Ligand SMILES: NC(=O)c1ccc[n+]([C@@H]2O[C@H](COP(=O)([O-])OP(=O)(O)OC[C@H]3O[C@@H](n4cnc5c(N)ncnc54)[C@H](OP(=O)(O)O)[C@@H]3O)[C@@H](O)[C@H]2O)c1
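Residue numbers (the numbering used here): 223 to 478.
And the structure:
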């Protein structure tokens, strides 16, 4: 029996690299899944790839809109009867630019998705978990939630804010059975880093990749699956004494 047997998990940003890999891992561990994203066709292809049958469903919506988040939680309860795990993972990198060049619109968009979206997901899943006696919330932060990365002001500010939300939520829900943690990946080999590399070094994105890799003790990007493994652990009862933690999945990036 898998570590997540009997549990129902909501995953936001489920059609992206880390989200879809975590869906596969959680399904393999026995969870039933509600996958959330903004585009039904992208969600449909993840559902098809997973081949999860009755254990997987999807719900389209914007993670930054409260009505959509409420509808996501309601759809999960209606479909599966409960919510035990939230992986609040949807996130945008925004423009890669010097702090003085970022527009108000770009800055606000990153905060809306990353900060407001994470807060709304916690706000509307925690009560269902508390009513049921407990649950586990995992947010996707970043190494940029603990240190600065030049060119990523809006993103780094948002990921620092997510760690703040995790700390507050862990305190507020600690005696109510709901654990709240975040994972903090270093660069992961997927579409988001492709976008960051192209923005940072338009003529030769491989130069940006070399630069980022040089910041990582292990000298390479991580994989979506390497993040998914830690998320599944935090979702499971094996992590039952873990709350309020920021868990690096970073090949030693933060050791520097
Ligand atoms: N890749 C990395 O190197 C890295 C490192 C550290 C942390 N992270 C974090 O990991 C999380 C997942 O990203 P990923 O690496 O899997 O990248 P990804 O493949 O680009 O996926 C990002 C996901 O977030 C959603 N998203 C992106 N922009 C959005 C917006 N403006 N509004 C609403 N939803 C949006 C997308 O959902 P839709 O299907 O709705 O588009 C997508 O599923 C993010 O929070 C990211 O910040 C990534």
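From the three backbone atoms N, C-alpha and C, an ideal C-beta is built for every residue, glycine too.
Model, not experiment: these values are computed from the prediction.
(message) One question on the structure: do residue 282 and residue 262 come within less than 8 Å of each other, judged by their Cβ atoms?
(response) Residue 282 places its beta carbon less than 8 Å from that of residue 262.
(request) May I ask you to report which of helix, strand or coil DSSP gives residue 400? (result) Of the three classes helix, strand and coil, the one that applies to residue 400 here is strand, per DSSP.
(message) Taking the straight line between their C-alpha atoms, what separation do you get for residue 467 and residue 382?
(response) Rounded to the nearest whole angstrom, the CA to CA distance from residue 467 to residue 382 is 13 Å.
(request) Spell out the partners DSSP gives residue 427 in its beta bridges. (result) In the DSSP assignment, no residue is bridged to residue 427.
(message) For a quick check, are the C-beta atoms of residue 471 and residue 366 less than 8 Å apart?
(response) Not a contact, by the Cβ cut-off of 8 Å.
(message) Using only CA atoms, which one of 295, 249, 294, 315 lies nearest to residue 274?
(response) It is 249.
(message) Quick check on DSSP: helix, strand or coil for residue 256?
(response) Three-state DSSP puts residue 256 in a strand.
(message) Let me confirm a value: residue 333 is counted as buried when at least 16 other C-beta atoms fall within 10 Å, else exposed. Which label applies?
(response) Flag for residue 333 reads buried.
(message) Tell me the DSSP secondary structure of residue 267 in three-state form.
(response) Taken through DSSP and simplified to helix, strand or coil, residue 267 comes out as helix.
(request) Mind checking which residues open and close the beta strand (DSSP E) that includes residue 390? (result) Under the DSSP assignment, residue 390 falls outside any beta strand (DSSP E), being part of the alpha helix (DSSP H) whose first and last residues are 375-395.
(request) Identify every residue that forms a DSSP beta bridge with residue 416. (result) In DSSP, residue 416 forms no bridge with anything.
(request) Enumerate in chain order the residues of its own chain whose CB-to-CB distance from residue 473 is below 7 Å, with the five nearest sequence positions on each side excluded. (result) Closer than 7 Å at Cβ, skipping near neighbours: 408, 438, 439, 440, 442, 444.
(request) Could you tell me whether the Cβ atoms of residue 312 and residue 339 are closer together than 8 Å? (result) Yes. Within cutoff.
(message) Suppose the cutoff is 6 Å on Cβ atoms and the five residues either side in sequence are ignored; what does the same chain contact list for residue 391 look like?
(response) Excluding positions up to five away in sequence, the list reads 344, 402.
(request) On the DSSP bridge assignment, give the partners of residue 309 in chain order. (result) Bridge partners of residue 309: 233, 360.
(message) Which of the three DSSP states is assigned to residue 349 in this structure?
(response) When secondary structure is reduced to three states using DSSP, residue 349 falls in the helix class.
(request) For residue 325, I'd like the list of residues in its chain whose CB is within less than 8 Å of its CB, leaving aside the five on either flank, ordered along the chain. (result) Cβ neighbours of residue 325 beyond the five flanking positions: 317.
(request) Measure the CB-CB distance between residue 352 and residue 399 and report whether it falls below 8 Å. (result) In contact: residue 352 and residue 399 (Cβ atoms closer than 8 Å).
(request) Have a look at 276, 260, 270, 393 and flag the residue whose alpha-carbon is nearest the alpha-carbon of residue 230. (result) Checked all of 276, 260, 270, 393; the closest Cα to residue 230 is 276.
(request) Could you work out which residue in 301, 238, 260, 307 is closest to residue 462 when comparing CA atoms only? (result) Residue 307 is the option with its Cα nearest to residue 462.
(message) Does the distance between the C-beta of residue 537 and the nearest non-hydrogen atom of ligand 1 fall short of 7 Å?
(response) Residue 537 lies beyond the residue range present for the chain, which begins at 223 and ends at 478; the question has no answer from this structure.
(message) Rounded to the nearest angstrom, what separates residue 323 and residue 228 at their Cα positions?
(response) C-alpha separation (whole angstroms): 49 Å.
(message) Taking only three categories from DSSP, how would you classify residue 468?
(response) Note: residue 468 maps to strand in three-state DSSP.
(request) Would you check whether ligand 1 has a heavy atom nearer than 7 Å to the C-beta of residue 412? (result) Result yes, Cβ under 7 Å from ligand 1.
(message) I'd like to confirm the pairing. Which residues does DSSP put opposite residue 406 in its beta bridges?
(response) According to DSSP, residue 406 bridges with 470.
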